[in-house]
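Working notes for the structure below.
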Amino acid sequence: EKGPSGTISGDLYVLDQIKNHGEIIIDGNLFTNSIIDDHGGFTVTGMIDEDAGLMPRILPSLSFSAEGPDHQVDGSEVQILEPGSYGRVEVKKGAKLQFSAGSYYLRELKTDDDTVIIFDASAGEVELNVVKKLELGKDAEVQIAGGSTWDVLIYYAGKKEVEIEDRAILRGTLVAPKAKVEFEKYSSFEGAVYAKNIYLDTGVYFQFHPNRPPVADTQTIFTDEDTPASITLSGSDPDEDSLTFTVVSQP
1284 EKGPSGTISG
1294 DLYVLDQIKN
1304 HGEIIIDGNL
1314 FTNSIIDDHG
1324 GFTVTGMIDE
1334 DAGLMPRILP
1344 SLSFSAEGPD
1354 HQVDGSEVQI
1364 LEPGSYGRVE
1374 VKKGAKLQFS
1384 AGSYYLRELK
1394 TDDDTVIIFD
1404 ASAGEVELNV
1414 VKKLELGKDA
1424 EVQIAGGSTW
1434 DVLIYYAGKK
1444 EVEIEDRAIL
1454 RGTLVAPKAK
1464 VEFEKYSSFE
1474 GAVYAKNIYL
1484 DTGVYFQFHP
1494 NRPPVADTQT
1504 IFTDEDTPAS
1514 ITLSGSDPDE
1524 DSLTFTVVSQ
1534 P
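What follows is the structure in structure tokens.
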């Protein structure tokens, strides 16, 4: 489901139907299993494959709880929340709250307008597990220090709609298998989102995770001088992209 207009930067994979009534730009390639039902302006800068044979991604069945004290950050305050379990966590207008490497369990997370959430990933991944409510206020921003969007994981187990309000900026991976995630006017997202439904309002901007380079497996081969030896090149890609191998220089 699409709003009046918006831009998605990167390749888009859609398992089912795409229905558009506005002005949508896909700055990348489009892969889908169905035709595009376009009643507006749907532009793809790259290639379009309407018979991609995509397989569904099985979302996790989230089951966790959060028990602990409520926590509130008042306006203009800057606080650091230690990993653990909490009740309702609320960030008031103008305040900043930092999460560090580790796992958090929150009953609710709500930020007012003009707030900043900082994920400090310098010591490892930051994982947020939210039980029943997740809301990012107008002009709020999620910042990542010491890492990238790959290092922030947000799991939402609730059925209530996730609200990313006007001009808010969300970064990381958001997984909400039971909920609709609504990106309101001119909000933006950097990373990846997996949800039951996703709604994009006017001017929403999406940017997928930055590409991570593949890693070649180290090998050592011994052979006599002027005697050929066979090797099998191997490696892995953290983004699960397909790999090709080229010998740059002979030994």
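Under my numbering, the first residue of the sequence shown is numbered 1284, with each subsequent residue one higher. Note that the Cβ used here is the ideal one computed from N, Cα and C, for glycine as well. Values in this document were obtained by computation on a predicted structure and should not be read as measured data.
Secondary structure at Asp1353: coil, using DSSP grouped into helix, strand and coil. Cβ neighbours of Glu1410 within its own chain (closer than 6 Å, five residues either side excluded): Ser1386, Leu1436. DSSP places Thr1529 outside both helix and strand once states are collapsed to three, so it counts as coil. The beta carbon of Lys1463 lies closer than 8 Å to those of Glu1444, Val1445, Ala1478, Lys1479, Asn1480, Ile1481, Tyr1482 in the same chain, with the five residues before and after it left out.
For Thr1485, the secondary structure class from DSSP, reduced to helix, strand or coil, is coil. DSSP lists no beta-bridge partner residue for Ser1344.
Scanning Val1425, Ser1470, Tyr1439, Gly1474 for the CA closest to the CA of Val1458 turns up Tyr1439.
In this structure Leu1345 does not touch Phe1314 by the C-beta definition: roughly 27 Å separates them, more than the 8 Å allowed.
Contact annotation: Pro1493 and Ser1532 have beta-carbon atoms that are not nearer than 8 Å. Sixteen is the threshold: since fewer than 16 other Cβ atoms of the shown chains lie within 10 Å of the Cβ of Phe1347, the residue is exposed. Taken through DSSP and simplified to helix, strand or coil, Asp1434 comes out as helix.
Residues Pro1497, Val1498 of the same chain have their beta carbon placed closer than 7 Å to that of Ser1519, with the five preceding and five following residues left out of the count. Note: Val1413 is bridge-paired with Leu1389, Tyr1439 in the DSSP secondary-structure output. A direct Cα-to-Cα measurement between Glu1373 and Tyr1388 gives close to 14 Å. When DSSP states are grouped into helix, strand and coil, Tyr1469 belongs to the coil group.
Straight across, the Cα-Cα distance linking Glu1408 with Asp1507 is about 47 Å. Classified as buried, Arg1390 has 16 or more neighbouring CB atoms from the shown chains inside 10 Å of its CB.
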